[in-house]
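S.K.: Its first residue numbered 16, the sequence shown is counted upward by one per residue in our numbering.
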Amino acid sequence: MPLKFLGTILPSYPNPQRTPLINASTLNSFSGETTSSSFRSPISPLSLGLTLTLTVGLGLIPLLYLHFRSFLSPSRKPPSTALPSFFYPAITSHGRQLPVTAKNTFSYTVLYMAVDVDSLESGSLDLPFRVMGYGGSPWSKILGLRTKKYLGPGDKQGFRAKVKDVLKRNGLPTDDVGRIWLLTMPSYMGYEGDNPLTTWFLYTKPKGGAERGELWGVILEVHNSFHESHCYVLPKNSPYRHDPAPGYNIAFTFPRSFHVSPFNSRDSCYRVDLHDPFLHPSDSPSPPEPLLTFVPKIKIFVRLYTSYTSEKENKVKFLATLRPTPEAPPVPLEPYSTFAVLRTLAKWPFTLFSVLLRTYYQAYRLHYLKRLAVYARPEIRAKGSENLYNSPGDDPGGAGVDLQKQDDSWVESKAKRIIARWAIDRAEQVGYDLQVNFSDWRETFSTSRFDDKQTKKDKLVVNTADSLFFTNLIVAPSPQHMLAIATERITSVSSDHQFVEFFSPTASSSASSASPPGVAVSTFTTKWRNKYWLNQYFQSKVAPLPSIPPLSSTHFTASSPTPFTTRERINIARVTFWYVFAELSEQVIFDWISARFVPDQEPWKMWERSMKRVWGVHEIKGEEDGSVLLDQERKGILRS
């Protein structure tokens, strides 16, 4: 490369101290020659980073603007007849009055969504930047609402469709139901907790040119910590309605039929006073405000009475209120209020996370400091549950509706498949069918090997509310044991004789023809079954009936017209082991943390309660005003 020639055409510099734009070493590097000096970039890394940041930022501005502007489209705005929707900060206060020695009060801020259901489902309330959204995964937005946990399981239906289904289940007309206003706590940053109380305000369709209809009634939806839910449907013409307290304009008193607090029995009643958030003009002395500028006022007052009798004989056991907080106003759910919603969240960033933690903390105070015993979780209301301890209150007005129960456990699902295979063959052998009817929404089980012309004499019918019915069949040593605990498990049979015959071992036992591994598995199953029942016997002070077979009796799963395979025997062993392990572990854990159930109502004393019932010595002691205080002896156990 002729470097000298290139040098002759470069401009000369009058100042010899000035560095030329291109020096010889740079030219040599272009020509492939090596020099001692390296090439220096005229742009520093810092300036390059700033340039890229500004470029990306300036590029995002129009995208963010277009995203925000899309929420301002007239097609996304709620109609003028829609009820206004808000992100609503409120204060809830709770106070326990009885027993006197267990008085307890607390208050804290809660964050609610108060939304028009139709506006919500149309997407009109979705906020930019995924601050608030309807449907989909709760992890994809900051605040969210979806139908999955409301008014029964599943999210295939919208809120309005679910409300109509609940009304139809109660035999109520739905044609006149117009706007629906939902008051509930939303999901937050993916966390979707169980709402202690969700209130549905139902309004009639507007008539005579009115802007809004009258209050049709309310639905009070209650959830507990066991992922179960229940609701009370209360129209304005309900027999439970009566005059409200001052400051409220509608009130109901109705029996309690759902297990919520572990420190209260179910044989009591609620009184609920509410303020209509959208007071109809005919009920208000002042002229109505336009819906677009109207800010609804939330006021709910709940009292729990000791029994469902005349109010003079009743005592207020517990009360709770929900009212607006003076610390922050409700925030309209509209695009321009997005940052106001974020400011409200920043003021109470952990409130929606802490609802369940606060519930557990108050439970700790009531049990360990106030000495209240724990009521075991009962099965949902069903025919036969009135004969049990902690039975639900009688509901002549039909306000209560069961919505959601615990999902079937893995153990119960496996046990059902085992029994189904065995029962079909057994039905052909004994000559009559088996049908199991559940009091909840589980499908009826039937061997279905006979035609519809069968008479009741040729069919064994079992009615049950037991969530572990098939598991208990496998774990019970004999059909006589199962019949003995039937009342405790809310189970009845059409014929005791047929039940014993159906679930008794056959003369030819398949265990004798089982392979050595199958025999070993059956031995393991018997060992754990006996371990559970020996513990039940040990906890009982009442002698069993003479007709109860010994624990060493052959189990019906040990004999079958079609022998069980080794794999099926392993599944029987797994069901037995995990059920027994869970039951015994519960007892150990409760002893370890010094927790106490209501005396004689412990799960591990089921056999004793059954035998007391058989012998006619079943008694309930220690309960006063729907709660049980631990006695001095148990206090000493807890303190030690």
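Note that CB positions come from ideal geometry on N, CA and C, so glycine has one too.
Can you give the Cα-Cα distance for ARG227 and TRP196, rounded to whole angstroms?
M.R.: Going by the C-alpha atoms only, they are around 12 Å apart.
S.K.: Which stretch, first to last residue, makes up the beta strand (DSSP E) that contains SER108?
M.R.: Unbroken beta strand (DSSP E) run through SER108: 101-111.
S.K.: Exposed or buried, what is PHE368 when buried is set at 16 or more other beta-carbons lying within 10 Å of its beta-carbon?
M.R.: Counting Cβ neighbours within 10 Å, PHE368 comes out exposed, since fewer than 16 surround it.
S.K.: Count the other CB atoms within 10 Å of the CB of PRO311; is the residue buried (16 or more) or exposed (fewer)?
M.R.: With 16 or more other Cβ atoms within 10 Å, it is buried.
S.K.: Suppose you measure from the CA of TYR285 to the CA of SER642; what does that come to, to the nearest Å?
M.R.: Cα to Cα, the separation comes out at about 16 Å.
S.K.: Could you tell me whether the Cβ atoms of MET156 and GLY150 are closer together than 7 Å?
M.R.: In the sequence on display, residue 156 carries Lys and not Met. Result no, Cβ atoms of LYS156 and GLY150 do not sit closer than 7 Å.
S.K.: Give me the DSSP bridge partner(s) of ILE315.
M.R.: Bridge partners of ILE315: LEU289, LEU337.
S.K.: Exposed or buried, which one is HIS242 when buried takes at least 16 other CB atoms within 10 Å?
M.R.: It counts as exposed.
S.K.: Rounded to whole angstroms, what's the CA-CA distance from GLY208 to ILE563? Just pull it up for me.
M.R.: About 46 Å.
S.K.: Please state if the CB of GLY415 and the CB of SER609 are separated by a distance shorter than 7 Å.
M.R.: No.
S.K.: Output yes if chain C places a C-beta closer than 7 Å to the C-beta of ILE563; else output no.
M.R.: Checking the listed chains, one finds no chain C in this structure; it contains a single protein chain.
S.K.: To the nearest angstrom, how far is the alpha carbon of MET169 from that of LYS177?
M.R.: Note that residue 169 is Gly in the sequence shown, not Met. Taking the straight line joining both Cα atoms gives about 10 Å.
S.K.: Can you list, in chain order, the residues of its chain whose CB lies under 7 Å from that of VAL181, leaving out five sequence neighbours each side?
M.R.: Answer for VAL181: LEU166, ILE234, CYS246, VAL248, VAL416, listed in chain order.
S.K.: Secondary structure at PHE656, three-state DSSP: helix, strand or coil?
M.R.: One cannot answer for residue 656 here, as it falls past the ends of the chain, which runs 16 to 655.
S.K.: Considering only residues of the same chain and omitting the five flanking positions on each side of ARG318, which have a CB-CB separation below 6 Å?
M.R.: Excluding positions up to five away in sequence, the list reads ARG286, VAL331, LEU334.
S.K.: Taking C-beta to C-beta, are VAL590 and LYS429 nearer than 7 Å?
M.R.: Yes, the pair counts as a contact, with Cβ atoms nearer than the cut-off.
S.K.: Could you name the residues that DSSP lists as bridge partners for MET147?
M.R.: In the DSSP output, where bridge partners are listed per residue, MET147 has LEU142, LEU158.
S.K.: Would you mind sorting LEU645 into buried or exposed? The rule is 16 or more other CB atoms within 10 Å of its CB.
M.R.: Looking at its Cβ environment, which holds 16 or more other Cβ atoms inside 10 Å, LEU645 is buried.
S.K.: Can you list, in chain order, the residues of its chain with a C-beta nearer than 7 Å to that of ALA588? Leave out the 5 residues immediately preceding and following it.
M.R.: Result list for ALA588: VAL536, PHE539, THR540, in chain order.
S.K.: Can you grab the Cα-Cα spacing for the pair SER244 / ASN487, in whole Å?
M.R.: Between SER244 and ASN487, the C-alpha separation is close to 25 Å.
S.K.: Could you please give me the residues that DSSP links to ARG256 through a beta bridge?
M.R.: For ARG256, which the question treats as bridged, DSSP gives the partners PHE267.
S.K.: Do THR162 and PHE174 have their C-beta atoms closer together than 7 Å?
M.R.: Yes, these two residues count as a Cβ contact at 7 Å.
S.K.: DSSP state of THR581, grouped into three classes?
M.R.: It is helical.
S.K.: Considering only residues of the segment 154-228, which uninterrupted alpha helix (DSSP H) runs meet the minimum length of 4 residues and lie entirely inside it, listed in chain order?
M.R.: Taking only runs of at least 4 residues, the alpha helix (DSSP H) segments lying wholly in the segment 154-228 are 174-184.
S.K.: Buried or exposed, going by whether 16 or more other CB atoms sit within 10 Å of the CB of ALA105?
M.R.: With 16 or more Cβ atoms within 10 Å of its Cβ, ALA105 is classed as buried.
S.K.: Below 7 Å between beta carbons: does that hold for THR219 and GLY193?
M.R.: Contact: yes.
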